[in-house]
Amino acid sequence: MHQPSDLGEMARHVIDANRYLTLGTTEPDHRPRLSPVYFTHVGYRDFYWVSSPSARHSMNIAARPDVAIVVFDSTAPIGEGRAVYVSADASVVAEDELPQRCTEAFERVDPGATRFEPHELSGDAVLRLYHARATRHEVHIPGRDPTYGAGVDTRRQISF
């Protein structure tokens, strides 16, 4: 397993190596709702995804914009898991911001992913661009990590 030299490098590696995040929103009855979404990011602070405004997680964001995000590799061997936890404020991108935000969000997309244009995410289109701005980052530290481990899994806050 690659051992990053610091926690920031660890977080960058996890975010760059994965294509899906788990988006946590809050239902009207205060229960959590978790949704996997394909994402892109800019500078590890701005996360983008495309969803229908009628999706439950999108309706939750419209009513309660505080979200939680987790990015992790579910194929990691036991004891070697790495994860980045992000607290963020999320919203649909306003139509007047779409030209700039689409350029930013779709600068780098994976093969098979759509590089959306503003007209595909506005007006009568069924999808919208969503943005989450990170307010806090934490990394998952496995208990047996040779540098940061404490015998049990923990989280440690980092800054970008």
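Numbering follows my numbering, in which position 146 of the sequence shown is assigned residue number 1104; successive positions increment by one, without gaps.
Ideal Cβ positions, reconstructed from N, Cα and C, are used throughout, including at glycine.
This structure is a prediction, so every number in the text was calculated from the model and none was measured.
| Asked | Found |
| --- | --- |
| Per DSSP, Ser1080 is paired with what? | Paired residues: none, contrary to the question. |
| With DSSP as the reference, please indicate the residues paired to Tyr1043 in a beta bridge. | Val1028, Glu1096 |
| Would you check if the distance between the CB atom of Arg1114 and the CB atom of His1089 is smaller than 8 Å? | no |
| Where does Ala1071 fall in DSSP's three states? | coil |
| Could you tell me the alpha carbon to alpha carbon distance between Pro986 and Asn1018, rounded to whole angstroms? | 7 Å |
| Which residues in the same chain have their Cβ closer than 8 Å to the Cβ of Ala1021, if we skip the five residues on either side of it in sequence? | Pro986 |
| Leaving out the 5 sequence neighbours to the left and right, which residues in its chain are closer than 6 Å to Gly1101 when beta-carbon positions are compared? | Gly1107, Gly1109, Val1110, Asp1111 |
| Quick one: Cα of Ser1080 to Cα of Arg1086, how far? | 7 Å |
| Over the uninterrupted beta strand (DSSP E) stretch that includes Asp1004, give me the two end residues. | 1004-1009 |
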